[in-house]
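So the structure is just underneath, and the comments pick up after that.
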Amino acid sequence: MVTAGLGQASREAAYGADPAVLLKALAPRDSEQHPPRVLLVEEHAEIALALTATLERRGMQVARAASDADAVALASQMRPNLVVMDLMQVRRRQAGVVDWLRANNLLNRTPLVIYTAAVDQAELPRLVSGETVLFLAERSTSPEVQDRIVDLLARIGTN
């Protein structure tokens with residue numbers, strides 16, 4: 418599991434790397450002929466579209482689920498090589514994509530990238546228009562984020 422932060426800024430002001438650089442490095446391939454399959458779990462369409470566009474430009478196949486529950490159904494169809502999701506979408510004490518990966522013996526072989534997004538809701542339309550881009554940033558360290566990470570690690574560690 419990798420934790421990261423996402424920020425949003427104009428291309429000139431974005432001080433972090435394109436998230437696709439990290440995700441491409443983490444995404445295993447089935448073979449040279451098959452692109453990595455990324456399951457993106459993100460409720461905000463604007464963030465999902467921006468991430469999808471940058472990942473697809475780097476040769477990855479992306480499927481988006483708007484919720485952790487939807488991700489389970491999508492994962493069973495596509496069998497992802499990489500799961501990328503907003504930490505705030507991981508529902509506590511409910512079965513989700515992490516549990517699906519474990520049940521299908523894929524948890525130890527599928528990289529999981531959990532991010533926090535420091536984006537202003539009012540600025541999200543600028544992602545779609547291309548005025549702004551997403552970049553890797555420091556993840557949030559708020560008490561709620563810390564608690565969610567601990568809960569997620571406990572879920573991952575449970576057999």
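Residues in the sequence shown are numbered consecutively from 418, following this note's numbering. Just so you know, even glycine gets a beta-carbon here, dropped at the ideal spot from N, CA and C.
Whole-angstrom distance between residue j and residue i, CA atom to CA atom
i    : j    : result
I464 : T471 : 11 Å
M477 : D516 : 24 Å
P528 : S546 : 30 Å
A486 : Y432 : 33 Å
D564 : T575 : 17 Å
A488 : T469 : 15 Å
A539 : A421 : 22 Å
E460 : R526 : 25 Å
E449 : L423 : 29 Å
D447 : L523 : 14 Å
R428 : L541 : 15 Å
L518 : L456 : 12 Å
R572 : V536 : 27 Å
T558 : R508 : 18 Å
Alpha helix (DSSP H) segment containing residue i, residue limits
i    : result
A470 : A462 to R474
L439 : P436 to L443
E561 : P560 to G574
A520 : V514 to A520
V545 : L541 to S546
For residue i: DSSP bridge partner residues
i    : result
R481 : L457
Q425 : L551
T533 : G422
S448 : H451
Contact under 7 Å by Cβ, residue i with residue j
i    : j    : result
R556 : T549 : no
A467 : L551 : yes
V458 : Q506 : yes
M495 : R454 : yes
T533 : L504 : yes
L491 : A482 : yes
N498 : A444 : yes
V419 : V530 : yes
V500 : V514 : yes
R474 : K441 : no
Continuous beta strand (DSSP E) stretch holding residue i: start and end
i    : result
V501 : L499 to D503
Buried versus exposed call for residue i [16 or more other C-beta atoms within 10 Å across all chains shown]
i    : result
P436 : buried
V567 : exposed
V438 : exposed
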